[in-house]
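Working notes, beginning with the structure itself.
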């Protein structure tokens, strides 16, 4: 997972930058893109946790993408964790929520794309 320059049919503009997940063995195979609709003009960006959302910000602090359908979270952001799992699922979870074993507030698998994975990445 990280920023990549458009290099496949999965993205529209090859001179723009995207936040995405790709296969380790086949880096040209992009399986999920956060900011497909709002690409970066350069690779300077930041990921930020804000309440119950993950935000992708450009170098000026402008929001390019944020999570959708995140479960509401009422604790401090210190207990929130972003994690890329072995399955390729990028999640935002609560590290202190004991009522939910995973504490998942949002996951990329809830925002499917046009790729289907038949086995863990």
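Numbering (the UniProt record's numbering), first residue to last: 1 to 121. Ideal Cβ positions, reconstructed from N, Cα and C, are used throughout, including at glycine.
Under 8 angstroms between C-beta atoms of residue i and residue j
{"i": "residue 2", "j": "residue 16", "result": "no"}
{"i": "residue 92", "j": "residue 84", "result": "no"}
{"i": "residue 44", "j": "residue 59", "result": "yes"}
{"i": "residue 67", "j": "residue 53", "result": "yes"}
{"i": "residue 4", "j": "residue 32", "result": "no"}
Burial state of residue i, where buried means 16 or more other Cβ atoms lie within 10 Å
{"i": "residue 39", "result": "buried"}
{"i": "residue 20", "result": "buried"}
{"i": "residue 26", "result": "exposed"}
{"i": "residue 35", "result": "buried"}
{"i": "residue 103", "result": "buried"}
Beta-carbon separation (whole angstroms), residue i vs residue j, contact threshold 8 angstroms
{"i": "residue 89", "j": "residue 107", "result": "5 angstroms"}
{"i": "residue 47", "j": "residue 82", "result": "7 angstroms"}
Item to check | Entirely enclosed alpha helix (DSSP H) segments - the region 15-100, minimum 4 residues | outcome: Listed in chain order, nothing qualifies, since the region 15-100 has no complete alpha helix (DSSP H) run of 4 or more residues.
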